[in-house]
Every structure is written in C-alpha cells, then in structure tokens.
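Colleague:
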Amino acid sequence: MKRNLNEHVLETLSKCNHLNHLKQLQGYLTALGHAHTHFYAFKLIRFCALTLSDLSYARLIFHHHPSPNTHLFTAIITAYAAHPANYPSVLILFRRMLRSQTTRPNQFIFPHALKACPDSCAVDSLHAQIVKSGFLFYPVVQTALVDSYSKISGGLPDAKKVFDEMSERNVVSFTVMVSGFARVGDVESAVRVFDEMPERDVPSWNALISGCAQNGAFTQGIELFRRMVWERNMPNGVTVVCALSACGHTGMLQLGRWIHGYVYKNGFVFDSFVSNALVDMYGKCGSLGKARKVFGMNPEKGLTSWNSMINCFALHGQSESAIAIFEQMVGSGGGVRPDEVTFIGLLNACTHGGLVEQGYRYFEMMGREYGIEPRIEHYGCLIDLLGRAGRFDEAMEVVNGMSMEPDEVVWGSLLNGCKVHGRTDLAEFAAKKLLEIDPHNGGYGIMLANVYGELGQWDEVRNLRRTLKQQKSYKVPGCSWIEVDDQVHQFYSLDKSNPKIEELYGLLESLVGFKNEVVVDL
DNA sequence: TTAGGGTTAG
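Once you know that position 338 of the first sequence is 338 in full-length UniProt numbering, the rest is easy, because the numbers rise by one and skip nothing.
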C-alpha cells in the first residue's frame, strides 16, 4: 500500500500544472492521514516552489508542519535562496533549524545559507558551523565558501586561504577564484589562476573574459575571446555579451559584426542580453542604423534595451530621437519604468542637443514622478548641460545646492563649459577644486596652468609648472583609435609615430582648420 | 536536493 501511495503521489505531482491540482493532492493525503508525512511534505514544498514558482504556498505547507525535519528545512531554504530578496529569511530559517533539537544541517543547506550572507561576520559564523558539523571537506561546500568570501568586501584573502587549503579543486572552484580576483580588479591574478586550471569550460572562460571587460581591460578580453574560439571552445550568450561590450569600448566593429554573424547562425539572436549588447556595440562603433535595427527586432525589450538605445542616440547627438525612445518606453509601447541610467542618457541627449529647458524638466521629473534621488552622475550631467549653454549662475546654484560633495566630474564639466565660454574667473575656481580633489593629477595641473595663461598670470604659470615638475605629475596622454581592415590604429596626443602622420595632419587641417595644440612642457 | 560566467551610465 505504502509503495503504491508513493507511486501515486509522484505520478500525480508529475502531471500537476496548477496550484489547485496540488491542493487536491494535499487534501487526499490529509484524508489518508499522511499530510504531515515528511516525504510527502518535502515533495509538495519542492514542487510548489520550483515547478509552480509559488513560494507563498510552499511556505504555508512548511509553517503548518508540526515537526519539520532536515529535508523540509532544506526544501524551504532552497526555495527562499532562489531570490536575493528572500536572503534574510534564509538565514532566519537556518538559525531556527540550528536551534531545533531534532534537526541538524546537511551539506546541501550550507551553499544556500552561504549565498545569503550579507557580511563577513555571517560568513565567518557559517564557516565555523561548517567546521563544527564536519562538512568542510565537501568540495561543493568549500567552493561555496570561497565564493561567499570573495563576494564580501575585503574577503578575498579568506577566499584564497580556503581555496589553497582545498584538497580537491575542480573546474568550478577554480572559476570561483578567477571571478573573485576579477571582482576586486586584480586581472593579473585572475589570469594566473586561469592559466593554472587543469581543465576549462565555457563558464571559466566567461569568468575571465567578463573580468577583463568589467575592469577596462578590453583588448585583453578580446584576445582571450579570440583564443577561446581558436581553441575550439564554443562561446555562449554570456561570452558573446562580454566580447561585444569589449568591441564597443574599443571600436572593433569588424569583430562585433563577426560575433553578430555567429549569434545569428547559432540561433540565440533573440536573447535580450545579446540583443542589448549588440545595440550597444553598434552604437558605440558608429553604426546607429544597425543599432536601431537590432533594437527594433528585440521582441522582449527590457529596461536595459531601452537604456542602451537612448544612450546610442545621446552619443550620436540625436537628442530628439533619444527623447522619442524615452516617450515610447514610458508610454503604451514600452510600459517599462525608467531608472537612474535612463536619466543619465536623457540628460546627455539634452546636453548634446543644447536642450537646456528639456534637461531641467527631466532632472525634476526623475524625482517627482519616479522617486529617483539624483546621484552625483546626474548632477554631473546637469552641470555639463548648463555649463555648455553658458548658464553659469544656475550651474553654481546647482553645485551649491547639492546634497553631496561635488566630485571631479562636476568640476570638470564646469571647467569645460568655462573654457567654451571664456569664463576664466570661474575656470580658475573649478580647476583649483579639481586639483584639491586630486593634487597629483598632472592633467588638472595643466588645466589650471592654462587658465592662468589665459588670465596673463605668468608668475602663477611658472610656479605651478615647477610644482608639477617636482611632483613628477604627468598628464595621461589623450588617445583615440580607428579600425581599418581589421586592424586598430591608435593615436596618442602629439604622437608622431604613424608613418603617414604628415599626410594625416594635412588632411585634418584641410578639414577643420586644425592647429597643433599648445601644451605645457613638463 | 548543494558550488561558477552576462549588457546599458559624464
């Protein structure tokens, strides 16, 4: 009978596709006096949470159980741990489990509990619990521990220590360590761990390529992508998204197009992540038409899709189109709620089109209609907008009314506006502020020296140059690049190493009346 | 039943 009932319950569950079916099965079990049998309660909770995605009913079953055992705790904790918003509940349940006399944690619970830890204290305490319970030598538990340590601020040395002490490292534990180094910006160590890996799979390549892209090592990320393909590893959607981001940042349109072809051939063109990354890549590489086309073809436009398209238009100075996309986004066509990134794009669009009033309106709309507190980036955009329009009184009013300390972007934007409109008095003020924030930045020093030059204050120029020279402050040279026939040509400020430099400058002069920039000799 | 990889932002 028992065996038959088990089979019956499992079979009914497998056909169950609605909560009402599950409730019928629950009623049937209650009638038979089996509603609280641990095996059935476990199956019902798991099915409810994982297959029907109904966490509240799963919770109801769990909380109505008179004596939940380890299995029931595992099922409900697994369900809660699937959503970051429920992480606090994961830890509450875990602690309740420890307090109970009848239940002890198992190796399956720890990875979930670790994932939910908000700080190093919580991870340390779980680490101690793992040691005490004798589960430290399970590779999966160790890997989860490495991952959790590496995700909390300052936890990387602890992560490395656990990793180094592991007796059985596998492809996942290595990948976790690669990601850990990448997360703190230590690309070099991430590469070293990656090179030590006895075997690699797609997620391990992705961990390193995304690490490069997130830390600005775009060229290195692209090299790795090429190596991955060369070594006959099939990139997936995640790889492609990271590689496209790197293409966008370096202007590698040819490779970006190749990836688009690859995506198309492999049928993951409708992945929204990939679509958004393509829009961004085409936009940044100057192919606005293609960006627009890919955006139009995305059937599931999410917040990032709209933001990427707005940013493309803003980048190309097409303010009206950026605004039109925004209207579509919040109107009947999109129905998506904008976020702080949306407003950065919109404000930039207004800046590039000189739409000061419109920009002001969006800045106010952000807080009033969407409850988004302006961040320093938004203030930076607004100051840029006002500065370029020459409205310095209003710009200073905004700076003085800011709820946070103005940063380099804010002062830099103001300085830029001052240069355009010849407001040397205010420029001096802004340049001094910049130098106060970062006294060793040679670029800011040169800006201030140039302002003194404009004001004819030559003693100040000499003093400042001397200080900069003593401090050994050097300006990072400006750099731009262009891709021709699959080759990237880089040009640094005052760099004459290109064999066709005379020809290039000649052409440039004839196009824009270009004159060599006068720079301060350090 | 448990562990790893993703886009947009001056």
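For glycine and all other residues, C-beta sits at the position ideal for the given N, C-alpha and C.
Going straight from the alpha carbon of Phe-181 to that of Leu-156, what length do you get?
Modeller: As a position in the first sequence, residue 181 is number 181, starting the count at 1. As a position in the first sequence, residue 156 is number 156, starting the count at 1. Their Cα atoms are separated by approximately 8 Å.
Colleague: Taking just the CA atoms, how far does Pro-299 sit from Leu-19?
Modeller: For this step, residue 19 is matched to residue 19 along the first sequence. For this step, residue 299 is matched to residue 299 along the first sequence. Between Leu-19 and Pro-299, the C-alpha separation is close to 30 Å.
Colleague: List in chain order: all unbroken alpha helix (DSSP H) runs of 4+ residues lying wholly within the segment 53-134.
Modeller: Runs of the alpha helix (DSSP H) inside the segment 53-134: 55-64, 70-81, 87-99, 109-115, 120-133.
Colleague: Within 10 angstroms of its Cβ, does Trp-306 collect 16 or more other Cβ (buried), or is it exposed?
Modeller: Position 306 of the first sequence, counted from the first residue, corresponds to residue 306. Classification of Trp-306: buried, given that the 10 Å Cβ count is 16 or more.
Colleague: From Gly-443 to Val-420, what distance separates their C-alpha atoms?
Modeller: Numbered from 1 along the first sequence, position 443 holds the residue referred to as residue 443. Numbered from 1 along the first sequence, position 420 holds the residue referred to as residue 420. Near 18 Å, if we compare the C-alpha coordinates of Val-420 and Gly-443.
Colleague: Quick one: using the 10 Å Cβ neighbour count with 16 as the cut-off for buried, is Lys-290 buried or exposed?
Modeller: Residue numbering aside, residue 290 sits at position 290 when the first sequence is read from its first letter. Under this definition Lys-290 is a buried residue.
Colleague: Please state the DSSP three-state secondary structure of Glu-517.
Modeller: Position 517 of the first sequence holds residue 517. Annotation note: pLDDT 40 at Glu-517 (below 50); position unreliable, no value reported.
Colleague: Taking 7 Å as the limit between beta carbons, can you name the residues of its chain near Val-512, skipping five residues before and five after?
Modeller: In the first sequence, counting from the first residue as 1, residue 512 sits at position 512. Per-residue confidence for Val-512 stands at a pLDDT of 49, beneath the threshold of 50, marking its modelled position as unreliable; the derived number appears in the next sentence. Result list for Val-512: empty, nothing under 7 Å.
Colleague: Contact check, Phe-174 vs Ser-150 under 8 Å by CB: the rounded distance?
Modeller: Taking the first sequence and counting its residues from 1, one reaches residue 174 at position 174. Taking the first sequence and counting its residues from 1, one reaches residue 150 at position 150. The pair is not a contact, with the Cβ atoms about 12 Å apart (cut-off 8 Å).
Colleague: Work out the CA separation of Tyr-379 and Asn-170 for me, nearest whole Å.
Modeller: Stepping through the first sequence from its first residue, residue 170 is reached at position 170. Stepping through the first sequence from its first residue, residue 379 is reached at position 379. When rounded, the distance between both Cα atoms is 47 Å.
Colleague: Do you know offhand how far Glu-377's Cα is from Gln-26's?
Modeller: Locating residue 377 in the first sequence gives position 377, where the first residue counts as 1. Locating residue 26 in the first sequence gives position 26, where the first residue counts as 1. Roughly 54 Å separates the two Cα atoms.
Colleague: Smallest Cα separation from Asn-106: which of Asp-119, Arg-200, Lys-132?
Modeller: Here residue 106 refers to the residue found at position 106 when the first sequence is read from its first residue. The candidate whose alpha carbon is nearest that of Asn-106 is Lys-132.
Colleague: Could you say which of Asn-416, Asp-407, Cys-418, Arg-227 lies nearest to Glu-436 if we only look at CA atoms?
Modeller: Sequence index remark: in the first sequence, residue 436 carries index 436 (1-based). Of Asn-416, Asp-407, Cys-418, Arg-227, the residue nearest in Cα terms is Asp-407.
Colleague: Which of the three DSSP states, helix, strand or coil, is assigned to Thr-424?
Modeller: For the purposes of this step, residue 424 is identified with residue 424 of the first sequence, where counting begins at 1. Here Thr-424 sits in helix by DSSP.
Colleague: Taking Cβ to Cβ, would you say Ala-122 is nearer than 7 Å to Phe-94?
Modeller: Counted from its first residue, the first sequence places residue 122 at position 122. Counted from its first residue, the first sequence places residue 94 at position 94. Contact: no.
Colleague: Please give the ranges of any alpha helix (DSSP H) in the UniProt repeat "PPR" (170-204), keeping only runs that are unbroken, at least 4 residues long and fully inside the region.
Modeller: For the UniProt repeat "PPR" (170-204), whole alpha helix (DSSP H) runs of length 4 or above, ordered along the chain, are 171-183, 187-196.
Colleague: Taking Cβ positions, are Gly-283 and Ala-246 nearer each other than 7 Å?
Modeller: Position 283 of the first sequence, counted from the first residue, corresponds to residue 283. Position 246 of the first sequence, counted from the first residue, corresponds to residue 246. Contact: no.
Colleague: Helix, strand or coil for Val-336? Go by DSSP, reduced to three states.
Modeller: Counting from one through the first sequence, the residue named residue 336 turns up at place 336. Coil.
Colleague: I'd like the span of the alpha helix (DSSP H) that includes His-21, first residue to last.
Modeller: Walking along the first sequence from the start, residue 21 turns up at place 21. From DSSP, the alpha helix (DSSP H) with His-21 extends over 19-31.
Colleague: Look at Gly-362 and Leu-346 and say whether their C-beta atoms are less than 7 Å apart.
Modeller: For the purposes of this step, residue 362 is identified with residue 362 of the first sequence, where counting begins at 1. For the purposes of this step, residue 346 is identified with residue 346 of the first sequence, where counting begins at 1. In the sequence as displayed, the identity of residue 362 is Tyr instead of Gly. Yes, they are a contact pair.
Colleague: Helix, strand or coil, according to DSSP, for Lys-15 in the structure here?
Modeller: Taking the first sequence and counting its residues from 1, the one referred to as residue 15 is at position 15. Helix.
Colleague: What does the alpha-carbon distance come out to for the pair Arg-368 and Tyr-262?
Modeller: One-based indexing of the first sequence puts residue 368 at position 368. One-based indexing of the first sequence puts residue 262 at position 262. Going from the Cα of Arg-368 to the Cα of Tyr-262 covers about 44 Å.
Colleague: Out of Glu-327, Phe-268, Lys-23, point me to the one whose CA is closest to Asp-54's CA.
Modeller: Indexing the first sequence from 1 puts residue 54 at position 54. Comparing Cα-Cα distances from Asp-54 to each of Glu-327, Phe-268, Lys-23, the minimum goes to Lys-23.
Colleague: On a Cα-Cα basis, can you pick out the residue from Glu-394, Phe-163, His-38, His-127 that is closest to Thr-103?
Modeller: Locating residue 103 in the first sequence gives position 103, where the first residue counts as 1. It is His-38 whose Cα lies nearest to the Cα of Thr-103.
Colleague: What separation, rounded to the nearest whole angstrom, lies between the Cα atoms of Ala-49 and Ile-77?
Modeller: What you label residue 49 is simply residue 49 of the first sequence in a count that begins at 1. What you label residue 77 is simply residue 77 of the first sequence in a count that begins at 1. Distance between the alpha carbons of Ala-49 and Ile-77: 10 Å.
Colleague: Taking the alpha-carbon positions, what's the Thr-219 to Ile-501 distance?
Modeller: Within the first sequence, residue 219 is the residue found at index 219, counting from 1. Within the first sequence, residue 501 is the residue found at index 501, counting from 1. In a straight line, the C-alpha of Thr-219 is about 24 Å away from that of Ile-501.
Colleague: Is Lys-301 helix, strand or coil by DSSP?
Modeller: Counting from one through the first sequence, the residue named residue 301 turns up at place 301. Correct three-state label for Lys-301: coil.
Colleague: Alpha helix (DSSP H) containing Gln-457: first to last residue?
Modeller: Counting from 1 along the first sequence, the entry for residue 457 is found at position 457. Taken as a continuous stretch (DSSP letters only), Gln-457 belongs to no alpha helix (DSSP H), as it is neither H nor E.
Colleague: Helix, strand or coil: which one does DSSP assign to Arg-292?
Modeller: Mapped onto the first sequence, residue 292 falls at position 292. Looking at Arg-292 - three-state DSSP - the assignment turns out to be helix.
Colleague: Does the beta-carbon of Asn-348 have 16 or more other beta-carbons within 10 angstroms, so that it is buried, or is it exposed?
Modeller: Working through the first sequence from its first residue, we reach residue 348 at position 348. Its Cβ being crowded by 16 or more others within 10 Å, Asn-348 is buried.
Colleague: Given a cut-off of 7 Å, decide if His-65 and His-36 are closer than it, judged by their beta-carbon atoms.
Modeller: Taking the first sequence and counting its residues from 1, the one referred to as residue 36 is at position 36. Taking the first sequence and counting its residues from 1, the one referred to as residue 65 is at position 65. Yes; because the gap between Cβ atoms is below 7 Å, this pair is in contact.
Colleague: Under DSSP, the alpha helix (DSSP H) around Asp-280 begins and ends at which residues?
Modeller: Your numbering for residue 280 matches position 280 in the first sequence. Note, Asp-280: alpha helix (DSSP H), 272-284.
Colleague: Could you tell me the alpha carbon to alpha carbon distance between Arg-462 and Trp-411, rounded to whole angstroms?
Modeller: Within the first sequence, numbered from 1, the residue matching residue 462 stands at position 462. Within the first sequence, numbered from 1, the residue matching residue 411 stands at position 411. Computed Cα separation, rounded: 23 Å.
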